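2 protein chains.
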Amino acid sequence: MRKIYVFDTTLRDGAQGEGVSFTVADKLKITKKLDEFGVDFIEAGNPGSNPKDMAYFEEVKKLRLRNAKLTAFGSTRRANVAVEEDQNVTALLKADTPVVAIFGKSWDFHVTQIIRTTLEENLNMIRDTVAFFKEKGKEVVFDAEHFFDGLKSNPIYAMNALHAACEGGADWLVLCDTNGGTFPADVAGIVKTVVKRFDVPVGIHSHNDCGMAVANSIMAVMAGAVQVQGTVNGYGERCGNANLCTIIPNLQLKKQLRLVPDSSLCELATLARYFSELANKSLNEYEPYVGNNAFAHKGGMHIDGVLKNTASFEHIPPELVGNSRRMLMSEVAGRSSILKRIQEVAPWLSKESPEVQDIMNRLKSLEHDGYQFEGAEGSFDLVVRRTLGKLRQFFQVLDFTVLAENQWKEGNSATAVIKVEVNGEQEITAAEGDGPVNAMDRALRRALELFYPQLLKMRLLDYKVRVIDTQQATAAKVRVQIESTDGERVWGTIGVSTNIIEASWVALTDSIEYFLMEYEKDMALTKENEAWMEGAV
Amino acid sequence: MRKIYVFDTTLRDGAQGEGVSFTVADKLKITKKLDEFGVDFIEAGNPGSNPKDMAYFEEVKKLRLRNAKLTAFGSTRRANVAVEEDQNVTALLKADTPVVAIFGKSWDFHVTQIIRTTLEENLNMIRDTVAFFKEKGKEVVFDAEHFFDGLKSNPIYAMNALHAACEGGADWLVLCDTNGGTFPADVAGIVKTVVKRFDVPVGIHSHNDCGMAVANSIMAVMAGAVQVQGTVNGYGERCGNANLCTIIPNLQLKKQLRLVPDSSLCELATLARYFSELANKSLNEYEPYVGNNAFAHKGGMHIDGVLKNTASFEHIPPELVGNSRRMLMSEVAGRSSILKRIQEVAPWLSKESPEVQDIMNRLKSLEHDGYQFEGAEGSFDLVVRRTLGKLRQFFQVLDFTVLAENQWKEGNSATAVIKVEVNGEQEITAAEGDGPVNAMDRALRRALELFYPQLLKMRLLDYKVRVIDTQQATAAKVRVQIESTDGERVWGTIGVSTNIIEASWVALTDSIEYFLMEYEKDMALTKENEAWMEGAV
């Protein structure tokens, strides 16, 4: 298997994406994660332009990386400045990494119009800077900025920029489509020419402004590039960088190239989610391979096909990248797939059971109100049981008030008062919280824990709010989705209302009811097992 | 300019995307919009599998389409059923559209394993069904499902499927990469072969499971396909369909092909946003051409370059697709770009003014708390003025309480009581609302309108909630962003807190303060103008 080197720049180019901002602590966590995952290079910052990056390079020395080489990024020296006196060069050296990535201009327009120097001096800047770092014993990656645009504008000059880097002793020539405007066929042709002309190994750095960064990277590798630069989840300036979470499985699963260890590949979806948490951006659900929908089937015929043979509508088995298959419900899903989900809750029902129609009608009416049971399996389960009259009432809420005042103080700015009844016994409790939902959650738990101490095991994992009818502004409907766990299981519940407190309340109580029900089933099973064990002794 | 036909399937394949669901009224609006935009075909539904689609086909007859041909989608007849007795075929005919798209199997595996008939009978099904609709006078598009996978598995059979469609009289042969697993170079090669072998024009239908649906469509067109199928914003099953909002500008701006009228192209960003509203999915901000970040610059060197010449870091001028340039602020943005934004508010400040450092410190501390001023220009403006002490206090909130109870009733489930002071006068008001934020908004306006009747002109456009620290679940921080308008201007404001009510409150009051300030400036300007006019008379 031919090796293709993965050069991750999430911490450098990725951090240029809108809304992406990593603390030094985040950056250290990410470095560790990328190293464990098995990328070859971690480009971690630009010490010359960002003081926070310098602090990171100090801290990161304490980490022992097993797979990746740490890389610092910076520009060539400025025009008409001696290389050893250039501030950026000095900062880059101070970062003290085994690898440096030096970017230089290869588009004549940028040389004369943006950095405003002569074409000749720019070549000197490239040659000098690369040579300087080679003398210091570094592995030097030369990033030819705007290489593809440069080649179209002045092919001889663009090639001369690469020659200058080679004369300086560069270990890598990376061709950058900085503005993301190049098409796959052009990338393939140009990479092929460069690979033929130079002995130094070639890399590709693509941006997604034409929606083709992944394809451009693939075409470059097929044309002879042996290093791919990109970011986790495609974070990056404007439309983002080439997405490594798509490129890695594309090449490793479909072109039999080796990018990361196979054991890492099945951690890919986890990696993508971990990064989206740290970057504080929700992961695009449509994302190839790793998105929540990547293997979600909604059309009736598709679901039917996948039930017969998963290869019918899946290009790879989702397990290979640590993702999983989901069957969605909708008006196009067809009765059979909804029936299948209903039967998971109530196995005694058949296609002909009249109750099935009742459940479908109830689901349809809730969907009309804005509910979506994709990702809210807990609530789905409860709807089925409630419609069947098969849910015992664990508790009843008799009264409930939430009060929020403008005495904002950290920790306590809202109060909830709740009165519940369990098995004929009433209990009234109050609790303060960070906000109305938090106060409500605390009060409800406090009241119910007296009756169901097992609730101590359960906690909320995630709380999401989505406005689903924005044209109404503050009077719009909101959909609240909650994810809860008891340490083993994870389940989702949902609530919809024009009132965020009501929507949260519905999702919260569903979550608790679902837990109590599942807990009771587990207990019943344990008792059965115990009885069986006793009989066996 | 060579014409490439745009075949939109947002209403059919797009509606198979997770969370996408259109009402009949939505579908009619979308049809009108697509027709105005200038696509050539609107594939609007599958009348055989979805009863809601049938209702739509009835209603749509009342619309007069100017550009697009309405298309209904359905499968070939079933095995061993006469074509005129097949239910799907009958439904398709009943839809009464000028064009029908018939999909049939071209992958031998699907024939024998999924629909479970003989290879021979499947070819009959294709031939018969196409011929039936040709006899009825329809334009027939044959969608060869899984064509690329089929060709790899059994090339002769896949080609025979196309032959059968041609024998039936198909007007178009569309090659579908249904599972989205095919690579651009393979698409190009296969399309070239088919175009050479058949006289019937060829189309391409790609899915995005390898992140290359756009590239595959482009490669197919460059290889001779003259019809591109896709959806607005790439909505569709699993990872989505090929995104027309990327393909259209790619081909029209960069390959000099004609897909839609040029006047439509500069409405592209508006189209994308309109569809995301109707689909109730927020538009991916990274989306090429139409995303909110597509022309947003964050890196200091990039901003510097763009200020010198926009072509330095933009592959096209954003106006061509109706989008716009944005300069973002961040630690990598560099002082100069933040200074530029500060100077827009306070033009008298220079780089050296000590106030600039105060403002930067204040912004940094707010960003640390979770604020993001990208998209919240109103709040940014107020932060600058407040730090400078240059904001007159339009009102003061003395006291404020919100109460929510479990008497959920549509329209009124929360109450807010607010006490304000304006110019020494106090006013207390209460209002009910759909939820706490709505009640608060109403009470505040009611109180302030007495003093500032111009507030009647202002209204909220959008209200967004984002949980920014999900690991804390209900005690997490939320970021509320509000967009407001006075009918001419649109401005954004922001609030961050662990308490959703407080966060909303901050964004709401900022929005009102910003409006009052701008209104006062306008009035001053009008007075100046009037004085000048009087002097001139």
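Heads up: the protein sequence lines correspond to chains A and P, in order. The opening position of the first sequence corresponds to residue 5 in our numbering, with each subsequent residue numbered one higher. The opening position of the second sequence corresponds to residue 5 in our numbering, with each subsequent residue numbered one higher. Every residue gets a Cβ at the ideal spot worked out from N, C-alpha and C, and that includes glycine. These figures come from a predicted structure and were not determined experimentally.
Under 9 Å from the C-beta of residue i: neighbouring residues of chain A
i	result
E291/P	G215, C243
Interface residues of chain P facing residue i [CB-CB closer than 9 Å]
i	result
T405/A	L407, A408, E409, N410
G18/A	Chain P residues near G18/A: none, gap ~11 Å exceeds 9 Å.
G295/A	R242, C243
N365/A	Simply none; closest approach about 14 Å.
Where residue i sits in the DSSP three-state scheme
i	result
F404/A	strand
D17/P	coil
D12/P	strand
F152/P	helix
Y290/A	coil
I505/A	helix
S354/P	coil
K31/A	helix
T133/A	helix
G238/P	helix
Q231/A	strand
V85/P	coil
L179/P	strand
For residue j and residue i, the rounded distance between their alpha carbons
i	j	result
E271/A	D44/A	17 Å
R16/P	E143/P	18 Å
T474/A	W495/P	Low confidence applies here, because T474/A scores a pLDDT of 49, under 50, leaving its location unreliable; read the following figure in that light. Near 16 Å, if we compare the C-alpha coordinates of W495/P and T474/A.
K461/P	A528/P	18 Å
E335/P	T13/P	A caution first: E335/P carries a pLDDT of 49, below 50, which makes its placement in the model unreliable, though a value can still be read off. Going by the C-alpha atoms only, they are around 42 Å apart.
Q91/A	S267/A	42 Å
F137/A	V469/A	50 Å
K7/P	T133/A	49 Å
Y518/P	L311/P	28 Å
R131/P	N164/P	11 Å
V387/A	R366/A	8 Å
G21/A	E241/A	4 Å
Within 8 Å, strictly: CB atoms of residue i and residue j
i	j	result
T182/P	H211/P	yes
L512/P	D445/P	yes
L459/A	R449/A	yes
V236/A	L248/A	yes
T80/P	M129/P	yes
S328/P	P322/P	yes
V204/A	V10/A	no
L97/P	V64/P	no
I118/P	G78/P	no
P292/P	D213/A	yes
G439/A	T502/P	yes
G228/P	N245/P	no
L407/P	E431/P	no
L127/A	D112/A	no
8 Å Cβ cut-off: residues of chain A touching residue i
i	result
P548/P	Given that chain P is displayed from residue 5 to residue 541, the structure contains no residue 548/P and the question cannot be resolved.
G439/P	T478, A479, V482, S501, T502, N503, I504, I505, E506
N92/P	The contacting residues do not exist; N92/P stays about 11 Å from chain A at best.
Closer than 7 Å: residue i CB and nearest the ligand HEM heavy atom
i	result
N50/A	You won't find the ligand HEM in this model; it holds no ligand whatsoever.
Within chain A, partners of residue i - CB distance below 7 Å
i	result
L263/P	Those do not exist, as L263/P stays about 15 Å from chain A at its closest Cβ, beyond 7 Å.
N327/P	Correct list: empty, because the minimum Cβ distance to chain A is about 11 Å.
8 Å Cβ cut-off: residues of chain P touching residue i
i	result
G185/A	K258, H319, I320
V426/A	Those within 8 Å of V426/A in chain P number zero; the least Cβ separation is about 17 Å.
Contacts of residue i in chain P (Cβ-Cβ under 7 Å)
i	result
L332/A	E22
F299/A	R242
A435/A	In chain order: nothing, as chain P lies at least about 12 Å away.
Chain C contact for residue i (CB, 8 Å cutoff)
i	result
V469/P	Checking the listed chains, one finds no chain C in this structure; the protein chains it contains are A and P.
**Message:** If the cut-off is 9 Å on Cβ atoms, which residues from the segment 301-324 of chain P count as contacting chain A, listed in chain order?
**Reply:** H301, K302, G303, G304, M305, H306, D308, G309, K312, N313, A315, S316, F317, E318, H319, I320
**Request:** Give the residues from the segment 209-241 of chain A that approach chain P closer than 9 Å (Cβ to any Cβ), ordered along the chain.
**Result:** H211, N212, D213, C214, G215, M216, A217, V218, A219, N220, I222, M223, M226, G238, Y239, G240, E241
**Item:** Residues of the segment 451-467 of chain A with Cβ closer than 7 Å to any Cβ of chain P, in chain order
**Value:** L464, L465, D466, Y467
**Prompt:** In chain order, what residues of the segment 497-518 of chain A put their CB closer than 9 Å to some CB of chain P?
**Reply:** S501, T502, N503, I504, I505, E506, A507, S508, W509, L512
**Message:** If the cut-off is 7 Å on Cβ atoms, which residues from the segment 105-133 of chain P count as contacting chain A, listed in chain order?
**Reply:** Cβ contacts with chain A come from H114, Q117, I118.
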